[in-house]
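For our numbering, count along the sequence shown from 1 and bump the result up by 2.
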Amino acid sequence: MTESEVNYIMDAMLNIKTNKHSKELLETLINGVKPALGCTEPVAVGLASAKAFEAVRGSVEKLNVRVSPNIYKNGMGVGIPGTKEIGLVFAAALGVTCGDSSLGFEVFRPVNDMAVAQAEKLVNKNIVHVELEDSKGNFYIEAEVETNMGKGICIIKDTHTNIVYVEANRKVLFSKSEDTKSNSNGNEYLKDIKLEDIRQFVETIPYSDIEFLLEGVKLNMDIAKVGLEQKSGSGLGAAMNILMSEGVMQKDIINEARVLTSAACDARMAGINMPVMSSAGSGNHGITAIIPPTVICEHMGYDDEKLARTLAFSHLATAYIKVFTGGLSPVCGCAVAAGIGASASITWALGGTNEQIGGAIKNMVGTLTGMVCDGAKGGCAFKLSAASSEAIIQAKLAMANVVINDIDGIISPEVEMTIKNLGSFSSEGMKNADNEIIEIMLKH
């Protein structure tokens, strides 16, 4: 979406009589629902190295990248799009050889065989290094490129494409002050609203303003089909599809959502060179947030407008949860945050009341809280598979008024407090989980 298109949509919002957060909610959708090519952590590393290299150009002599633990963990074992390689070292090298920083989440779009071969040479020369940096916050990437033309530096903070600093040969080319709003900080307003505000927005926003969300259906369904055909990654989606055809698994909408969601994740984690539509800064979030609601809407025979509104609910509920759990956390946001968002939106699509939507959210929190993020890799398909089926099951249970007890564990009578409790558990309760997970992963 071009800047002029974004401005047109934002201007149009001035004439919309919905709740006071309408403009911000639309902006959250515009900023948070974008095509992403490859796992977003290696993509962010590639973006940083590409930007640092663009600042000086020349022949690369050294490339050092420092990343926060969450970035390190999520990039260790995931495929790089358009290649057969995995990991942050290769992602950093590829960012230099073909990365285009102007493409943001699609920085690797120009990848070709020559760029891959050049990246391999850099890696084989042992001049590309990725190190842990645990003193700069939850989300930090710093790429430093030395060439025969000098030294370039790029720093990304808070969100995957939020470049805050660029330097070339000790001259500052760009610097964003700490108090400047990033996309992440721009969502802080969500902490002060209720799920009812999201519902009101979804039900009153002009369809033309959210029609662009339907692009995500095509992107994510297309890559799911490729995952099934090629038996990509873990092969979970393709395996479950065979089990359904053999009658071992029942052929129903729950298992259809599981198969398609896991197949899309399989293809993405394997490095298939196709974009997915992301949600709240993550492609896997987008897969979970989009595919199960789409399966339900298609099963119900809903039109494109109802589907777009359902997706708007899913994306916004996911973003709402993420401001409490954090952009990256020890908890699997692709399953927990996006799974909850999907379940809430499905309940809304089925005609659920506010209480029933809250009930679906509580059921999901009671079911999936504690599912850890142990890095991006093929096995993520198993977690997304579980989240996609639970999103539908818990929505259906809530519609039947079967809801977890209000005083069970971290569940609270108010759904918003339940989400805040989830956030507290994710950020404080599992504070040391990432370092322990990384220690375990490094033993492989």
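All C-beta atoms in this analysis are idealised placements derived from N, C-alpha and C, irrespective of residue type, glycine included.
Which residues DSSP lists as bridging residue i, in chain order
{"i": "residue 156", "result": "145, 168"}
{"i": "residue 38", "result": "278"}
{"i": "residue 88", "result": "81"}
{"i": "residue 333", "result": "374"}
For residue i, the first and last residue of its enclosing beta strand (DSSP E)
{"i": "residue 65", "result": "62 to 69"}
{"i": "residue 175", "result": "173 to 177"}
{"i": "residue 287", "result": "From DSSP, residue 287 is part of no beta strand (DSSP E) but of the alpha helix (DSSP H) over 285 to 302."}
{"i": "residue 133", "result": "130 to 134"}
Sequence-distant residues of the same chain with beta carbon closer than 7 Å to residue i, five excluded per side
{"i": "residue 91", "result": "125, 130, 132"}
{"i": "residue 217", "result": "279"}
{"i": "residue 71", "result": "134, 136, 436, 437, 440"}
{"i": "residue 324", "result": "282, 335, 339"}
{"i": "residue 260", "result": "242, 387, 390, 391"}
{"i": "residue 80", "result": "41, 44, 88, 271, 378, 379"}
Cβ shell of residue i (< 6 Å), same chain only, five flanking positions each side left out
{"i": "residue 182", "result": "With a pLDDT of only 47 at residue 182, under the threshold of 50, the placement of this residue in the model should not be trusted, and no figure is reported."}
{"i": "residue 429", "result": "328"}
{"i": "residue 288", "result": "278, 279, 280, 281"}
{"i": "residue 101", "result": "48, 52, 109"}
Terminal residues of the alpha helix (DSSP H) in which residue i lies
{"i": "residue 317", "result": "306 to 327"}
{"i": "residue 370", "result": "356 to 370"}
{"i": "residue 210", "result": "209 to 212"}
{"i": "residue 392", "result": "382 to 401"}
{"i": "residue 225", "result": "216 to 232"}
{"i": "residue 425", "result": "417 to 426"}
{"i": "residue 204", "result": "197 to 206"}
{"i": "residue 261", "result": "255 to 271"}
{"i": "residue 443", "result": "435 to 443"}
Nearest-angstrom beta carbon gap, residue j and residue i [assumed within contact, 8 Å]
{"i": "residue 378", "j": "residue 443", "result": "Wrong, their Cβ atoms sit about 11 Å apart, outside the cutoff."}
{"i": "residue 406", "j": "residue 256", "result": "Rounded, the Cβ-Cβ distance is 19 Å, inconsistent with contact."}
{"i": "residue 343", "j": "residue 317", "result": "7 Å"}
{"i": "residue 152", "j": "residue 164", "result": "Rounded, the Cβ-Cβ distance is 25 Å, inconsistent with contact."}
Short CB-CB distance (under 8 Å) between residue i and chain D
{"i": "residue 64", "result": "Here chain D cannot be found, since the structure has a single protein chain."}
Coarse secondary structure for residue i, derived from DSSP in three states
{"i": "residue 44", "result": "helix"}
{"i": "residue 279", "result": "strand"}
{"i": "residue 353", "result": "coil"}
{"i": "residue 81", "result": "strand"}
{"i": "residue 125", "result": "helix"}
{"i": "residue 113", "result": "coil"}
{"i": "residue 374", "result": "strand"}
{"i": "residue 58", "result": "coil"}
{"i": "residue 250", "result": "coil"}
{"i": "residue 182", "result": "Residue confidence for residue 182 is low, a pLDDT of 47 falling below 50, so the modelled location carries little weight and cannot support an answer."}
{"i": "residue 118", "result": "helix"}
{"i": "residue 99", "result": "helix"}
{"i": "residue 242", "result": "helix"}
{"i": "residue 137", "result": "coil"}
{"i": "residue 408", "result": "coil"}
{"i": "residue 341", "result": "helix"}
{"i": "residue 163", "result": "coil"}
{"i": "residue 73", "result": "helix"}
Residue i Cβ short of 7 Å to the ligand HEM heavy atom set
{"i": "residue 88", "result": "Only the bare structure without any ligand can be found here, which leaves the ligand HEM out of the picture."}
Close-in-space but distant-in-sequence residues of the same chain around residue i (CB under 8 Å, 5 per side omitted)
{"i": "residue 114", "result": "84, 100"}
{"i": "residue 15", "result": "Caution is warranted here: a pLDDT of 44 is assigned to residue 15, below 50, making its placement in the model unreliable, and no coordinate value can be reported."}
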